[in-house]
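Sequential numbering from 12 applies to the sequence shown in our numbering.
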Amino acid sequence: MSSPTGAASPTHSLPSYLQADHLGPWGNYLQQVDRVTPYLGNLARWVETLKRPKRILIVDVPIELDNGTIAHYEGYRVQHNLSRGPGKGGVRFHQDVTLSEVMALSAWMSVKNAAVNVPYGGAKGGIRVDPKKLSMGELERLTRRYTSEIGLLIGPSKDIPAPDVNTNGQVMAWMMDTYSMNVGATATGVVTGKPVDLGGSLGRVEATGRGVFTVGVEAAKLTGLHLDGARVAVQGFGNVGGIAAKLFAEAGAKVVAVQDHTGTIFNSKGVDVPALLAHVKTRGGVGGFAGADVMKAEEFWGVDCEILIPAALEGQITKDNAGQIKAKLVIEGANGPTTTEADDILHDKGVLVLPDVIANAGGVTVSYFEWVQDFSSFFWSEDEINARLVRIMQEAFAGIWQVAQEHKVSLRTATFIVACQRILHAREMRGLYP
Ligand code: GLU
Numbered sequence: 012m013s014s015p016t017g018a019a020s021p022t023h024s025l026p027s028y029l030q031a032d033h034l035g036p037w038g039n040y041l042q043q044v045d046r047v048t049p050y051l052g053n054l055a056r057w058v059e060t061l062k063r064p065k066r067i068l069i070v071d072v073p074i075e076l077d078n079g080t081i082a083h084y085e086g087y088r089v090q091h092n093l094s095r096g097p098g099k100g101g102v103r104f105h106q107d108v109t110l111s112e113v114m115a116l117s118a119w120m121s122v123k124n125a126a127v128n129v130p131y132g133g134a135k136g137g138i139r140v141d142p143k144k145l146s147m148g149e150l151e152r153l154t155r156r157y158t159s160e161i162g163l164l165i166g167p168s169k170d171i172p173a174p175d176v177n178t179n180g181q182v183m184a185w186m187m188d189t190y191s192m193n194v195g196a197t198a199t200g201v202v203t204g205k206p207v208d209l210g211g212s213l214g215r216v217e218a219t220g221r222g223v224f225t226v227g228v229e230a231a232k233l234t235g236l237h238l239d240g241a242r243v244a245v246q247g248f249g250n251v252g253g254i255a256a257k258l259f260a261e262a263g264a265k266v267v268a269v270q271d272h273t274g275t276i277f278n279s280k281g282v283d284v285p286a287l288l289a290h291v292k293t294r295g296g297v298g299g300f301a302g303a304d305v306m307k308a309e310e311f312w313g314v315d316c317e318i319l320i321p322a323a324l325e326g327q328i329t330k331d332n333a334g335q336i337k338a339k340l341v342i343e344g345a346n347g348p349t350t351t352e353a354d355d356i357l358h359d360k361g362v363l364v365l366p367d368v369i370a371n372a373g374g375v376t377v378s379y380f381e382w383v384q385d386f387s388s389f390f391w392s393e394d395e396i397n398a399r400l401v402r403i404m405q406e407a408f409a410g411i412w413q414v415a416q417e418h419k420v421s422l423r424t425a426t427f428i429v430a431c432q433r434i435l436h437a438r439e440m441r442g443l444y445p
C-alpha cells in the first residue's frame with residue numbers, strides 16, 4: 012500500500028491483534044482511516060500512527076463473589092494516541108467487550124477529542140462482564156480492583172476515565188476513591204462523570220444527549236428539515252438516547268419508535284417522553300411501557316421517520332438493514348453504530364449521517380469542563396456549561412460541514428480530515444523521541 016505522497020506504509024509487520032478484523036469495530040475504524048488518508052497531504056507519512064494504539068494494557072480482575080467463590084474477569088485500558096494531551100475516554104462494563112472493540116473505541120476517542128478540539132488524546136477501557144448479574148458489593152469490588160490494576164496508566168494528567176456503557180457516577184466515585192487511596196491524596200481530576208458532590212460537573216449526565224440534539228438542530232437548519240412535527244426513532248434509551256429524545260420532543264418533534272434491550276415500542280402520535288423516562292428508571296428498559304404498542308424488533312429500522320438516532324452499541328446499522336432506513340437524518344449517539352458498508356448504502360440513498368465522532372462529542376466536552384473545574388476548584392453554573400457546550404458543538408460542526416462541502420466528502424470523512432490533521436500535526440511537531 013502506498014500513500015498519496017508515495018511514502019510506503021509498513022503494514023506488513025503488524026502484530027496479530029492489530030490486523031483488521033473486517034467485521035468488527037477495529038476493522039471499521041481502519042477503513043475510516045484509509046478513507047481520510049488521501050486528504051492528509053504531507054501528514055500522510057504519519058498515518059500509520061493512527062493504526063496502532065500507543066499502549067494496550069490487559070489486566071486480570073479477580074474478585075470474591077458474595078457466595079465466597081473467586082471470579083476472574085478480563086479488563087483493558089487502551090491509550091490510542093497521546094499526541095495532543097492526556098488520554099481520555101470512558102470505561103465500559105459489558106459481556107461482549109473485547110480488546111479489538113476497546114482499541115476501536117479508544118481510536119474514536121482520539122478522533123472525537125480532536126474534532127471538538129479539547130486538549131486530549133484518546134483512550135478507552137472496559138471489562139468483559141455482565142454487570143447486571145453482580146450485586147452492588149461485587150460491582151464495587153470489581154471496579155476498585157480494575158482501577159488498581161490500570162493504576163499504572165491513569166492519572167489526572169496522564170489518562171482520565173469516564174462513564175460509558177453500564178458505568179455511571181457511582182462507578183466513577185469508586186474509581187476516584189480507589190486511585191486517591193492508592194496515591195495517598197484525593198485526586199478528583201482522575202475521572203470525570205463523577206457525582207456533583209464529589210467534584211463532578213453540572214450538566215455532565217445530559218451532555219452527550221444535548222450534544223446529539225445540538226448537531227441535529229444545526230443539520231436540520233442546513234438541510235431545511237423542520238423539527239416541529241418531525242418523527243424521531245431512537246435505539247437505546249439511556250443517558251444518550253433518552254436525553255436526546257427529551258430535547259427533540261421539547262423542540263416539537265414526535266418520538267414515534269424506541270428500541271432497547273428490553274423491547275421495541277411504537278406510537279405514531281409520539282410517545283410521552285417524560286413518562287417513558289420515568290418508566291425506564293423504575294423498570295430498567297422501555298419494555299412494558301403502557302403508552303405505546305409493541306413492535307417487532309426487526310421492523311424498527313424501517314420505521315417511517317425523519318430522524319433516526321442509534322444510541323446503543325456499535326455495529327447496529329449494517330448492509331442488511333441500511334436499505335430499509337427511511338430517515339433523512341441519522342445522528343450517531345452511540346460509538347460506531349454504522350458499518351462502513353452500511354455507511355455507503357446510506358450515502359447512496361441520500362441519507363445524511365452525522366457521525367459519532369462529532370455527534371456524541373458533547374459528553375467528553377463537558378468531561379473536559381469537569382476536569383478544568385476540578386483543577387481550578389472553581390465550579391460553573393449549569394447555564395454556563397450548557398452555553399459553552401452548545402458553542403463548541405456548533406463551531407466544530409460548522410467547520411466540519413465546510414470541509415465536507417469543500418472536498419465533497421461525507422461528514423464522517425470530513426470529521427476525520429479535521430481531527431486527523433490536528434492529531435498528526437501535533438505528532439509531527441513533537442517529533443520522534445527517543
Ligand atoms: N464514554 C463517552 C464517550 O464515548 C465519554 C468519554 C469521556 O467523557 O471521557 O464519548
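All residues carry an ideal CB built from backbone N, CA and C; glycine is no exception.
Option nearest residue i by Cα separation, candidates the options
i           : options            : result
residue 327 : 441, 155, 246, 94  : 246
residue 262 : 274, 68, 243, 268  : 243
residue 87  : 123, 78, 140       : 140
residue 370 : 308, 218, 169      : 218
residue 215 : 39, 349, 375       : 375
residue 317 : 276, 362, 206      : 362
residue 241 : 387, 280, 131      : 280
residue 320 : 414, 343, 309      : 343
residue 264 : 283, 84, 366       : 283
residue 150 : 397, 182, 134      : 182
residue 75  : 266, 286, 145      : 145
residue 431 : 411, 444, 417, 419 : 411
residue 192 : 180, 237, 155      : 155
residue 165 : 177, 100, 62       : 100
residue 59  : 444, 435, 315      : 435
residue 382 : 47, 212, 161       : 212
residue 55  : 413, 29, 433       : 433
residue 364 : 379, 395, 408      : 408
residue 170 : 250, 330, 379, 109 : 379
residue 288 : 250, 385, 205      : 250
Integer Cβ distance of residue i from residue j, believed to fall under 8 Å
i           : j           : result
residue 102 : residue 175 : 6 Å
residue 68  : residue 163 : 7 Å
residue 134 : residue 111 : Going by Cβ atoms, the distance from residue 134 to residue 111 rounds to 15 Å, so no, they are not a contact pair.
residue 438 : residue 94  : 4 Å
residue 98  : residue 90  : 4 Å
residue 296 : residue 286 : Not confirmed; about 14 Å, so no contact.
residue 322 : residue 252 : 3 Å
residue 92  : residue 65  : 6 Å
residue 239 : residue 278 : Not quite, the Cβ-Cβ distance comes to about 18 Å (not below 8 Å), so this is no contact.
residue 130 : residue 96  : 4 Å
Simplified DSSP assignment, three categories, for residue i
i           : result
residue 241 : coil
residue 441 : helix
residue 292 : helix
residue 63  : coil
residue 88  : strand
residue 36  : helix
residue 318 : strand
residue 350 : coil
residue 203 : coil
residue 135 : strand
residue 436 : helix
residue 425 : helix
residue 46  : helix
residue 410 : helix
residue 178 : coil
residue 156 : helix
residue 272 : coil
residue 386 : helix
residue 25  : coil
residue 246 : strand
residue 381 : helix
Cβ pair residue i, residue j closer than 7 Å
i           : j           : result
residue 335 : residue 299 : no
residue 377 : residue 400 : yes
residue 222 : residue 398 : no
residue 189 : residue 158 : yes
residue 368 : residue 57  : no
residue 333 : residue 353 : yes
residue 390 : residue 43  : no
residue 269 : residue 260 : no
residue 324 : residue 366 : no
residue 220 : residue 255 : yes
residue 291 : residue 160 : no
residue 177 : residue 104 : yes
Taking contact to mean at least 3 C-beta pairs separated by less than 8 Å, is the stretch 199-206 in contact with the stretch 115-125? no
With three or more beta-carbon pairs closer than 8 Å as the criterion, would you say the stretch 70-81 touches the stretch 46-54? no
Report yes or no: do the stretch 34-45 and the stretch 343-353 share at least 3 C-beta pairs separated by less than 8 Å? yes
Taking 8 Å as the cut-off, does the stretch 217-237 touch the stretch 401-410 (at least 3 CB pairs, one atom from each stretch)? yes
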